[in-house]
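Note sheet for the following structure.
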Amino acid sequence: MIEREQAEANRQMQMIETCRERIRQKSKKMGRPLTYHISTFGCQMNFKDSEKLAGILERLGYLAVETEEADFVLLNTCTVRENANQKVYGHLGQLKSYKKKNPDMMIALCGCMMQEQQVVTRIKERYRFVDIIFGTHNIYKLAELINNRLSSDAMIIDIWNDAKEIVEDLPTVRKFSFKAGVNIMFGCNNFCSYCIVPYVRGRERSREPEDIIKEIQQLVSEGVVEVMLLGQNVNSYGKNLEHPVSFAQLLQKVEEIPGLKRIRFMTSHPKDLSEELIQVMKHSDKICRHLHLPIQSGSTRLLDKMNRRYTKEQYLMLVERLRTAIPDLSLTTDIIVGFPGETEEDFLETIDVVKKAEYDSAYTFLYSKRTGTPAAVMEDQIPEAVAKERFLRLLSVVAETSAKRTAALVGQTVEVLVEERSEQDASMVTGRLSNNLLVHFIGEDTLIGSLQNVHLDESRGFYFLGSLA
Ligand code: 5AD
Ligand code: SF4
Numbered sequence: 001m002i003e004r005e006q007a008e009a010n011r012q013m014q015m016i017e018t019c020r021e022r023i024r025q026k027s028k029k030m031g032r033p034l035t036y037h038i039s040t041f042g043c044q045m046n047f048k049d050s051e052k053l054a055g056i057l058e059r060l061g062y063l064a065v066e067t068e069e070a071d072f073v074l075l076n077t078c079t080v081r082e083n084a085n086q087k088v089y090g091h092l093g094q095l096k097s098y099k100k101k102n103p104d105m106m107i108a109l110c111g112c113m114m115q116e117q118q119v120v121t122r123i124k125e126r127y128r129f130v131d132i133i134f135g136t137h138n139i140y141k142l143a144e145l146i147n148n149r150l151s152s153d154a155m156i157i158d159i160w161n162d163a164k165e166i167v168e169d170l171p172t173v174r175k176f177s178f179k180a181g182v183n184i185m186f187g188c189n190n191f192c193s194y195c196i197v198p199y200v201r202g203r204e205r206s207r208e209p210e211d212i213i214k215e216i217q218q219l220v221s222e223g224v225v226e227v228m229l230l231g232q233n234v235n236s237y238g239k240n241l242e243h244p245v246s247f248a249q250l251l252q253k254v255e256e257i258p259g260l261k262r263i264r265f266m267t268s269h270p271k272d273l274s275e276e277l278i279q280v281m282k283h284s285d286k287i288c289r290h291l292h293l294p295i296q297s298g299s300t301r302l303l304d305k306m307n308r309r310y311t312k313e314q315y316l317m318l319v320e321r322l323r324t325a326i327p328d329l330s331l332t333t334d335i336i337v338g339f340p341g342e343t344e345e346d347f348l349e350t351i352d353v354v355k356k357a358e359y360d361s362a363y364t365f366l367y368s369k370r371t372g373t374p375a376a377v378m379e380d381q382i383p384e385a386v387a388k389e390r391f392l393r394l395l396s397v398v399a400e401t402s403a404k405r406t407a408a409l410v411g412q413t414v415e416v417l418v419e420e421r422s423e424q425d426a427s428m429v430t431g432r433l434s435n436n437l438l439v440h441f442i443g444e445d446t447l448i449g450s451l452q453n454v455h456l457d458e459s460r461g462f463y464f465l466g467s468l469a
């Protein structure tokens, strides 16, 4: 970590102490502890950020509650698709009524949506009861922002266009004690023509491998057995470091950490997936047999308009190489339906890839127009009804291939990491296979956090029912 970052981390620790005292006074006056709630929208990166934000709030003395009727409510927003934005405005309506009942309540907004100028303008004009707005580059400043709000009558707005420092050494609370996400890079340089991420998350910045390794060693010493390395495009990790390191080299270093059992990562861009990475995965004992490899569309013509920089054939060839090298690999993907100019022929190319690639699952999205991206002004936007009809057809093909893949594993005994009590049946726990699929089986709470061998008795399409072996 460079000196400037260390100095900023120290300054924030002091901010936390000052703010903590003010919260203590407030809580004394009210005769009860102050409560907080974070609602998180969007991707794994946002969930990771929310764990850091929760860490700061707990250090300040706030107590976590399940409801948004709390003293401090934070919405960590996403703006990848328009419906994510709509949800936030919906929540704000509800929060306004809570604040009427509890005028001391603080409402804060952060995340990708706040990096959009027109969103901040709208909130300033129409949602004046919001207390704090900040973006994606300065989440570590939360205590300072609360301090500022407590000393002022006005809404505090602190948005940066670029990351100044990467401050990582602050408190954090983790949802699971045995698995954790670890940021390895921030931002994205790819500028896929539909995507707003490069505009709101900024340019690609990789963390130093030493800092990543140190963080994982610390996590392992706290009981973590599985890490998920996070980045918008992990395959281009390390290219812009002073001493460049490839993602495959980073994985090899992570693999050497004693006590760590499983390594996952996401997301991989097909254009940057190297042979070196395939070989490292193939020979690794710890890297999970799962790769999330977004295709977005099966039509080379559309892939070009999307600025994805690969063709349908190149993608399928990559899948072929992966399947040959790692036969038990599970592949998942992201697909957008209804991109501007998508014809029935383009769509059928997508269906063709889904059938050929045999995904274990696919996240399918209706194209959503994001202001400021090149695709938003492309001609030939697709009518909603046409896109929806294609979307439903795609879903049924995906369900078919997933069910086929899952059924093929029934009868095997596999190692799973037991994660939690099953949401569907309280007598069962849920375990995650190396390939990222889930199995539910009868088991005690004591199994949670451990690796167990489980027999896959039955496939239920996207998941299994099993029994302890
Ligand atoms: N419309 C629909 N889906 C989108 N994604 C990104 N931008 C858009 C958009 N404008 C999807 C992509 C990406 C995933 C995280 O979200 O499939 O891989
Ligand atoms: Fe968006 Fe493309 Fe970057 Fe993924 S790789 S975050 S889809 S611009």
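When you line the sequence shown up against the working numbering, it's residues 1 to 469, in that order. Each residue gets a CB set at the ideal place from its N, CA and C atoms; glycine is no exception.
Check for me: the alpha helix (DSSP H) holding residue i runs from which residue to which?
i    : result
N10  : E3 to M30
V73  : Here V73 belongs to no alpha helix (DSSP H); instead the beta strand (DSSP E) covers F72 to T77.
G449 : Premise fails: G449 is in no alpha helix (DSSP H) and is neither H nor E.
S361 : That residue, S361, is in no alpha helix (DSSP H); its beta strand (DSSP E) goes S361 to L366.
H283 : E275 to H283
L251 : F247 to E255
A54  : Q44 to R59
D162 : That residue, D162, is in no alpha helix (DSSP H); it is neither H nor E in DSSP.
D304 : T300 to K305
Of the choices the options, whose alpha-carbon is the least far from that of residue i?
i    : options                   : result
G93  : I123, G411, F178 and A426 : I123
K282 : K48, V354, R323 and L316  : R323
V119 : G338, T79 and N138        : T79
A248 : M15, E384, D153 and V280  : V280
L318 : P294, K305, L302 and N76  : P294
Y237 : S27, S221, R207 and C110  : R207
I351 : S152, D380, Q117 and V398 : V398
R411 : L465, R289 and E420       : At residue 411 the sequence reads Gly, which differs from the Arg that was named. Nearest of L465, R289 and E420 to G411, Cα basis: L465.
R20  : E69, S402, E51 and N147   : N147
Y310 : H290, V200 and L273       : L273
S434 : R264, L95 and A163        : R264
E222 : T172, R203, L437 and N189 : T172
N307 : H292, K271 and A163       : K271
Q381 : L302, H292 and S246       : L302
I23  : N83, G443 and E58         : E58
L394 : R370, F347 and E420       : F347
Starting from residue i, trace the beta strand (DSSP E) both ways and give me its first and last residue.
i    : result
S330 : S330 to V337
I132 : I132 to F134
M266 : R262 to M266
I442 : L438 to I442
T413 : T413 to R421
I139 : Element bounds for I139: n/a, residue is neither H nor E.
L291 : H290 to H292
Leaving out five residues on either side along the sequence, give the residues of the same chain with a beta carbon under 7 Å from the beta carbon of residue i.
i    : result
R405 : E358 and D360
Y127 : L92
R289 : I326, D328, L329, S330, S434 and N435
K261 : V225, E226, K286 and L451
Output needed for residue i: all residues of its chain with C-beta closer than 6 Å, excluding positions within five of it in sequence on either side, in chain order.
i    : result
R149 : D131, I132 and I156
H269 : N233 and N235
F176 : none
A387 : V337, G338 and L366
V167 : E5, E8, A9 and Y140
A375 : S193, Y194 and P340
S459 : T406, A407 and V410
I287 : I263 and M281
F41  : T77, C78 and A84
Where does residue i sit, in a helix, a strand or coil, going by DSSP?
i    : result
T371 : coil
N183 : strand
R205 : strand
T35  : strand
D104 : coil
I326 : coil
H269 : coil
E344 : helix
Q115 : helix
T430 : strand
F464 : strand
L219 : helix
A407 : helix
S459 : strand
E226 : strand
I157 : strand
L316 : helix
Leaving out five residues on either side along the sequence, give the residues of the same chain with a beta carbon under 8 Å from the beta carbon of residue i.
i    : result
D71  : L34, T35, Y36, Y62, N102, D104, M105 and M106
I278 : R321, L322, A325 and I326
K355 : V397 and T401
F129 : L95, K96, K99 and I107
A534 : Because residue 534 is not part of the residues shown, which for the chain are 1 to 469, the question remains open.
Environment of ligand 3 in chain order, Cβ to heavy atom below 6 Å: The ligand content of the structure shown is limited to ligand 1 and ligand 2, which means ligand 3 is not among them.
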